[in-house]
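Chemist: With my numbering as the guide, the letters of the sequence shown map in order to residues 106 to 396.
Beta carbons: idealized from backbone N, C-alpha and C, even for Gly.
In this text, all values refer to a predicted model and were calculated from it rather than measured experimentally.
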Amino acid sequence: MNPFWSMSTSSSRKRPETEEKTLTGELRTSPPRTSTKKQLPSIPKNAVPMTKPASPAPSSQSTNGTHASYGPFYLEYSLLAEFTLVVKQKLPGVYVQPSYRSALMWFGVIFIRHGLYQDGVFKFTVYIPDNYPDGDCPRLVFDLPVFHPLVDPLSGELDVKRAFAKWRRNHNHIWQVLMYARRVFYKIDTTSPLNPEAAVLYEKDIQLFKSKVVDSIKLCSSHLFDQPKIEDPYAISFSPWNPAIHDEAREKMLTQKELCWEEENDLLKLLGCCGYSPGEMSAQQQSQEHF
Numbered sequence: 106m107n108p109f110w111s112m113s114t115s116s117s118r119k120r121p122e123t124e125e126k127t128l129t130g131e132l133r134t135s136p137p138r139t140s141t142k143k144q145l146p147s148i149p150k151n152a153v154p155m156t157k158p159a160s161p162a163p164s165s166q167s168t169n170g171t172h173a174s175y176g177p178f179y180l181e182y183s184l185l186a187e188f189t190l191v192v193k194q195k196l197p198g199v200y201v202q203p204s205y206r207s208a209l210m211w212f213g214v215i216f217i218r219h220g221l222y223q224d225g226v227f228k229f230t231v232y233i234p235d236n237y238p239d240g241d242c243p244r245l246v247f248d249l250p251v252f253h254p255l256v257d258p259l260s261g262e263l264d265v266k267r268a269f270a271k272w273r274r275n276h277n278h279i280w281q282v283l284m285y286a287r288r289v290f291y292k293i294d295t296t297s298p299l300n301p302e303a304a305v306l307y308e309k310d311i312q313l314f315k316s317k318v319v320d321s322i323k324l325c326s327s328h329l330f331d332q333p334k335i336e337d338p339y340a341i342s343f344s345p346w347n348p349a350i351h352d353e354a355r356e357k358m359l360t361q362k363e364l365c366w367e368e369e370n371d372l373l374k375l376l377g378c379c380g381y382s383p384g385e386m387s388a389q390q391q392s393q394e395h396f
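So, in structure tokens, the structure goes:
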């Protein structure tokens with residue numbers, strides 16, 4: 106027990122309740138204090154006993170200490186690490202740019218160089234869950250529905266979940282979604298299609314399938330210079346070639362020095378993302394060129 110508290114309580118017991126000491130040392134009497142004992146209200150009739158309230162269900166973030174502690178900061182750095190991985194992969198014909206307004210939305214475009222969809226230029230948007238990387242896989246939606254068995258003919262959404270049925274944290278990455286989106290135009294899969302017509306034509310009437318693919322490519326090309334559907338400063342847009350503007354931009358792109366491997370790897374380590382060795386990166390790049 107605190108000595109000061111013990112002393113004050115013991116001294117107060119020696120003094121009568123009806124006396125209070127004034128500042129001048131005199132004693133004065135005060136009227137006895139009435140007891141103000143609190144009482145609980147009586148229990149009403151037909152009352153139902155209350156049960157102990159159930160504890161609230163833990164939130165999705167509380168199960169993950171990192172998310173509960175850092176929240177949006179962890180998400181921001183996770184997406185920055187993901188974009189760094191995309192840059193390192195150098196996916197052939199695939200270009201993406203995170204949105205200015207939301208890190209959970211990336212704008213992209215795919216250029217198809219050969220195969221049935223040769224000369225196709227398909228703009229798309231990647232939508233990332235707000236609980237990334239602990240939620241579902243990101244969604245990829247083309248600006249215009251491409252005639253393809255795995256693309257919804259109405260919404261333009263690509264069936265990404267067939268490749269990523271369960272998104273695994275620290276194992277799956279957004280660059281893999283982009284690589285999958287590119288690969289579906291070179292290796293056609295008709296099982297459980299989102300566009301049954303495209304799947305049937307590919308299996309039974311390849312010539313008509315090719316004709317519809319050409320029409321789809323022409324349709325996308327005719328809208329290539331349209332304003333982006335989403336108003337965003339970083340949305341990807343195309344314009345006719347202007348030498349006064351594009352020649353200089355092309356020179357900068359060709360002469361720009363790339364980040365050295367050590368700097369990129371240090372950045373990935375800083376962001377808590379597993380890096381790849383140069384040998385692994387080279388092997389992955391070679392495997393990508395086969396598609």
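Would you list the one or two residues that DSSP bridges to Arg244?
Modeler: Tyr232
Chemist: Confirm, please, whether the CB-CB distance from Val201 to Phe216 is below 7 Å.
Modeler: no
Chemist: For Leu299, tell me which candidate among Tyr307, Ala270 and Asp264 has the shortest Cα-Cα distance.
Modeler: Asp264
Chemist: Which of the three DSSP states, helix, strand or coil, is assigned to Pro163?
Modeler: Here Pro163 scores only 40 on pLDDT, less than 50, and its place in the model should not be relied on; the value that follows carries that caveat. Pro163: coil per DSSP, three-state reduction.
Chemist: Please report the straight-line C-alpha distance between Ala304 and Pro250, rounded to a whole angstrom.
Modeler: 15 Å
Chemist: Would you mind stating whether Tyr222 and Tyr339 have Cβ atoms separated by less than 7 Å?
Modeler: no
Chemist: DSSP three-state label for Lys315, please.
Modeler: helix
Chemist: From Ile233 to Pro254, what does the alpha carbon distance come to, in whole angstroms?
Modeler: 23 Å
Chemist: Could you give the DSSP three-state label for Val201: helix, strand or coil?
Modeler: strand
Chemist: One question on the structure: do Val214 and Leu283 come within less than 7 Å of each other, judged by their Cβ atoms?
Modeler: no
Chemist: Could you say which of Asp248, Asp241 and Lys193 lies nearest to Ile335 if we only look at CA atoms?
Modeler: When the alpha-carbon of Ile335 is set against those of Asp248, Asp241 and Lys193, the nearest one is in Asp248.
Chemist: Going by C-alpha distance, which of Pro348, Ile341 and Ser321 is nearest Pro333?
Modeler: Pro333 has its Cα closest to that of Ile341, out of Pro348, Ile341 and Ser321.
Chemist: Reducing DSSP to helix, strand and coil, say where Ile215 ends up.
Modeler: Three-state result, Ile215: strand.
Chemist: Taking all protein chains shown into account, decide if Thr360 is buried (16 or more other Cβ within 10 angstroms of its Cβ) or exposed.
Modeler: So Thr360 counts as exposed.
Chemist: Am I right that Leu190 and Trp280 are in contact with their C-beta atoms under 8 Å? What's the rounded C-beta distance?
Modeler: 5 Å
Chemist: State buried or exposed for Thr296, treating a residue as buried only when at least 16 other CB atoms are found within 10 Å of its CB.
Modeler: Classification of Thr296: exposed, given that the 10 Å Cβ count is below 16.
Chemist: Tell me whether Leu324 is buried or exposed, calling it buried when 16 or more other Cβ atoms sit within 10 Å of its Cβ.
Modeler: exposed
Chemist: When DSSP labels each residue in this structure, what does Glu187 get in the three-state scheme?
Modeler: helix
Chemist: If I measure Cβ to Cβ from Lys266 and keep anything under 7 Å in the same chain, skipping five residues before and after, which residues do I get?
Modeler: Apart from the 5 residues on each side of it in sequence, Lys266 sits with its Cβ closer than 7 Å to the Cβ of Cys242 in its chain, given in chain order.
Chemist: Does the distance from the C-beta atom of Ala208 to that of Leu245 stay below 7 Å?
Modeler: No, these two residues do not count as a Cβ contact at 7 Å.
Chemist: Provide the residue span of the alpha helix (DSSP H) that contains Lys309, from first to last.
Modeler: Pro301 to Lys309
Chemist: Which ranges does the beta strand (DSSP E) cover as unbroken runs of at least 3 residues, wholly within the stretch 240-296, from first to last along the chain?
Modeler: 244-247
Chemist: Does DSSP put Phe178 in a helix, in a strand, or in coil?
Modeler: helix
Chemist: On the DSSP letters alone, give me the boundaries of the alpha helix (DSSP H) that Ala349 sits inside.
Modeler: Pro348 to Thr360
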